[in-house]
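According to the working numbering, the stretch in the sequence shown is residues 4 to 131, in order. Taking it in order: structure first as structure tokens, then the write-up.
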Amino acid sequence: MSSTASRKAKSAASNEHLRQRVVAALEDLKAKDVREIDVRGKTSIADTLFIASGTSARHVKSIADEVIKFAKEAGVMPLGVEGQTEAEWVLVDLGDIIVHVMMPRIREFYGLERLWTVGDDGAEAAND
Numbered sequence: 004m005s006s007t008a009s010r011k012a013k014s015a016a017s018n019e020h021l022r023q024r025v026v027a028a029l030e031d032l033k034a035k036d037v038r039e040i041d042v043r044g045k046t047s048i049a050d051t052l053f054i055a056s057g058t059s060a061r062h063v064k065s066i067a068d069e070v071i072k073f074a075k076e077a078g079v080m081p082l083g084v085e086g087q088t089e090a091e092w093v094l095v096d097l098g099d100i101i102v103h104v105m106m107p108r109i110r111e112f113y114g115l116e117r118l119w120t121v122g123d124d125g126a127e128a129a130n131d
């Protein structure tokens, strides 16, 4: 196996491990209406978006904190975290994976699922 192929295989395994940790964090704190959207081929900023809701600002912040904690345990430091002060919409940038945790009214207003799945045949992954 060439060194480039080897790096790609390690990266894919690392991304899958991180994806599993994100899912575990969202499940741990009982995030609502979790959606996982594959955005490869649609943008170069990430491969996967997670969109989840919290029941209150405190719940949104706690979910985001748990995602950060689980990512760090997986050896991934967030590239950025936005919105923790207001906690109506917290974005956690983990590189190839971006996690949006939102209050339901904010989520409905911005409609990220609709934005990122336009033209899809309903093939995006969903975790309920």
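Beta carbons: idealized from backbone N, C-alpha and C, even for Gly. All figures in this text were calculated on a predicted structure; none of them were measured in a lab.
Query - Terminal residues of the alpha helix (DSSP H) in which S65 lies - result: A60 to E76
*So, is H103 buried or exposed, given that buried needs 16 or more other C-beta atoms within 10 angstroms?*
buried
Exercise for the section: Compare the Cα-Cα distances from E76 to each of S47, A90, L97 and E85 and report the closest residue. Expected result: Of the residues S47, A90, L97 and E85, the one whose Cα lies closest to the Cα of E76 is L97.
TODO: Consult DSSP for E85 and reduce its assignment to one of helix, strand or coil.
DONE: strand
Where the alpha helix (DSSP H) through E39 begins and ends: Boundaries around E39 are those of the beta strand (DSSP E), K35 to D41, since no alpha helix (DSSP H) includes it.
### Query
How would you write the range of the beta strand (DSSP E) that I48 sits in, first residue to last?
Where I48 is concerned, there is no enclosing beta strand (DSSP E), given that its DSSP letter is neither H nor E.
Where the alpha helix (DSSP H) through L118 begins and ends: L115 to T120
- Item | Extent of the continuous beta strand (DSSP E) to which D96 belongs | W92 to D96
Point to revise | Beta bridge counterpart(s) of S56 as assigned by DSSP | key: K35 and M105
Would M106 be called buried (16 or more neighbouring beta carbons within 10 Å of its own) or exposed? Counting Cβ neighbours within 10 Å, M106 comes out buried, since at least 16 surround it.
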